[in-house]
Amino acid sequence: VCMQEFLEKLPKAELHVHLEGTLEADLKIKLAERNNHPLRSSSAEEIRQGYIYHDLPSFLTLYYEGVELLQTEQDFHDLCYDYLKKVAQQNVLYTEMFFDPQLHTRRGIAFGTVIRGFNAAQEEAEKDFGIRSHLIMCFIREMSADSADETFTQALPYLERPGRSRIIGVGLDSDEKGNPPAKFAKTFARARALGLHLTMHCDLDQQNTHEHIRQALQDLGSERLDHGLNVLEKPELIAMARDKGVTFTLCPSPNDVIRPGRSRQDIRDMLAAGLKITINSDDPGYMQSVYMTESFAKAQSAADLTRDELMQISRNAFQAAWISDDERALYL
Ligand code: ES4
Ligand code: ZN
Numbered sequence: 004v005c006m007q008e009f010l011e012k013l014p015k016a017e018l019h020v021h022l023e024g025t026l027e028a029d030l031k032i033k034l035a036e037r038n039n040h041p042l043r044s045s046s047a048e049e050i051r052q053g054y055i056y057h058d059l060p061s062f063l064t065l066y067y068e069g070v071e072l073l074q075t076e077q078d079f080h081d082l083c084y085d086y087l088k089k090v091a092q093q094n095v096l097y098t099e100m101f102f103d104p105q106l107h108t109r110r111g112i113a114f115g116t117v118i119r120g121f122n123a124a125q126e127e128a129e130k131d132f133g134i135r136s137h138l139i140m141c142f143i144r145e146m147s148a149d150s151a152d153e154t155f156t157q158a159l160p161y162l163e164r165p166g167r168s169r170i171i172g173v174g175l176d177s178d179e180k181g182n183p184p185a186k187f188a189k190t191f192a193r194a195r196a197l198g199l200h201l202t203m204h205c206d207l208d209q210q211n212t213h214e215h216i217r218q219a220l221q222d223l224g225s226e227r228l229d230h231g232l233n234v235l236e237k238p239e240l241i242a243m244a245r246d247k248g249v250t251f252t253l254c255p256s257p258n259d260v261i262r263p264g265r266s267r268q269d270i271r272d273m274l275a276a277g278l279k280i281t282i283n284s285d286d287p288g289y290m291q292s293v294y295m296t297e298s299f300a301k302a303q304s305a306a307d308l309t310r311d312e313l314m315q316i317s318r319n320a321f322q323a324a325w326i327s328d329d330e331r332a333l334y335l
């Protein structure tokens with residue numbers, strides 16, 4: 004079979020996708036009509052043409068604006084269901100989906116509205132397509148530590164029924180510059196104490212990137228690094244990541260715009276350093292609908308990955324997935 008067909012059929016697990024970042028232009032139009040929300044653009048094409056950004060803050064402005072369209076439980080359901088349907092067709096068997104509760108609760112939408120919409124979609128997609136999924140609740144790093152902590156408290160009723168809420172871990176995303184993992188040490192410690200898993204975005208504070216990685220791994224006990232490519236610049240961080248068995252969730256999408264020059268040599272260097280990498284989509288709705296098969300294809304051509312390497316990368320994701328060993332055995 005050709006490489007494209009190989010990648011389509013390869014069983015995949017996704018560990019790094021922002022649900023709010025899967026919002027496609029078509030769904031934006033549907034939500035705007037349903038909720039009588041004004042849109043500057045009148046066609047999906049025009050909306051996509053407006054997706055111009057040159058760094059993380061300018062990307063986040065677009066992303067935060069899109070979030071405003073999500074209002075009702077039905078909206079959150081549709082967002083999640085559309086994503087799950089799409090990747091199920093790409094032979095993604097399991098996915099862990101980030102969401103940003105603070106972007107909703109700060110505009111007066113109840114935590115429960117968000118969770119109920121997502122959970123209904125997860126149950127439905129599992130029934131319709133067999134795809135399994137969990138949620139990872141992210142904190143917005145430019146918001147205050149108190150806000151993160153209050154959000155965690157709001158999530159508690161939903162964590163007490165793990166089978167139902169499907170929140171399996173906590174993460175850290177949005178604007179990294181000047182917002183180190185240590186800022187949220189208290190809340191991550193609470194999460195850990197309750198048995199939740201931990202992961203953190205680390206790569207975009209040009210000045211403090213290495214210190215952020217060190218904090219995430221050593222001080223906060225992050226099990227994974229989202230992106231995390233800058234470990235390559237420090238042998239002691241490579242050694243630390245290897246010793247701790249850290250898994251890296253790389254996203255080779257047009258993320259290139261936000262993270263210039265990345266994803267080509269880095270994938271090769273990380274493999275050569277013996278690090279566990281996975282390939283993921285990040286924000287496909289805003290990045291030319293690059294979902295999982297497309298992300299694998301980008302990584303494959305960028306780094307000339309062999310079929311053996313691609314299978315190993317896919318196995319890495321199932322190995323690092325926050326699922327029971329019984330479920331893992333079904334995939335590996
Ligand atoms: C994100 Cl590309 C990226 N980086 C950091 N935080 C994010 N949240 C959504 N997309
Ligand atoms: Zn991300």
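Counting in the UniProt record's numbering, the final residue of the sequence shown is number 335, and the numbers go up one at a time with none missing. In this text, a Cβ means the ideal position worked out from N, Cα and C, and glycines have one as well.
With a Cβ-Cβ cutoff of 7 angstroms, do residue i and residue j count as a contact?
i           : j      : result
Ser256      : Met290 : yes
Glu226      : Asp208 : no
Arg169      : His200 : no
Leu197      : Phe102 : no
Leu335      : Phe321 : yes
Ser284      : Ser304 : no
Ala324      : Ala128 : no
Met140      : Pro104 : yes
Tyr84       : Ala124 : yes
Thr252      : Thr296 : no
Gly120      : His80  : yes
residue 336 : Ile134 : The structure shown does not extend to residue 336, since the chain is modelled only from 4 to 335, so the question has no answer here.
His40       : Leu18  : no
Gly69       : Leu34  : no
Ala244      : Arg271 : no
Leu232      : Asp269 : yes
Asn38       : Gln77  : no
Ala276      : Ile241 : yes
His230      : Asp206 : yes
Does any heavy atom of the ligand ES4 sit closer than 6 angstroms to the C-beta of residue i?
i      : result
Gly24  : yes
His21  : yes
His204 : yes
Asp58  : no
Ser45  : no
Ser256 : no
With DSSP as the reference, identify every bridge partner of residue i, one or two as the case may be.
i      : result
Thr250 : Arg227 and Lys279
Phe101 : His21 and Ile139
Leu175 : Phe142
Cys205 : His230
Ile170 : Leu138
Lys15  : Val95
Asp131 : In DSSP, Asp131 forms no bridge with anything.
Asp285 : Val20
His107 : DSSP output for His107 lists no bridge partner at all.
His215 : Per DSSP, none; premise fails for His215.
Would you mind sorting residue i into buried or exposed? The rule is 16 or more other CB atoms within 10 Å of its CB.
i           : result
Val4        : exposed
Thr98       : buried
Arg144      : buried
Ser45       : exposed
residue 336 : The requested residue 336 is not part of the displayed model; the chain covers only 4 to 335.
His215      : buried
Gly288      : buried
Lys279      : buried
Lys130      : exposed
Ala194      : buried
Gln218      : buried
residue 1   : This structure does not reach residue 1, given that the chain is present from 4 up to 335, and the question cannot be answered.
Asn182      : buried
Ile112      : buried
Lys301      : buried
Thr250      : buried
Ser61       : exposed
Lys31       : buried
Asp149      : exposed
Thr309      : exposed
Ile55       : exposed
Thr156      : exposed
Leu159      : exposed
His57       : exposed
Asp329      : exposed
Regarding residue i and the ligand ZN, is the C-beta to nearest heavy atom distance less than 6 angstroms?
i      : result
Asp208 : no
Asp178 : no
Asp103 : no
Asp307 : no
Asp311 : no
Asp269 : no
Asp285 : yes
(request) May I have a chain-ordered list of the alpha helix (DSSP H) segments no shorter than 4 residues that lie completely inside the region 32-79? (result) 47-52 and 59-70
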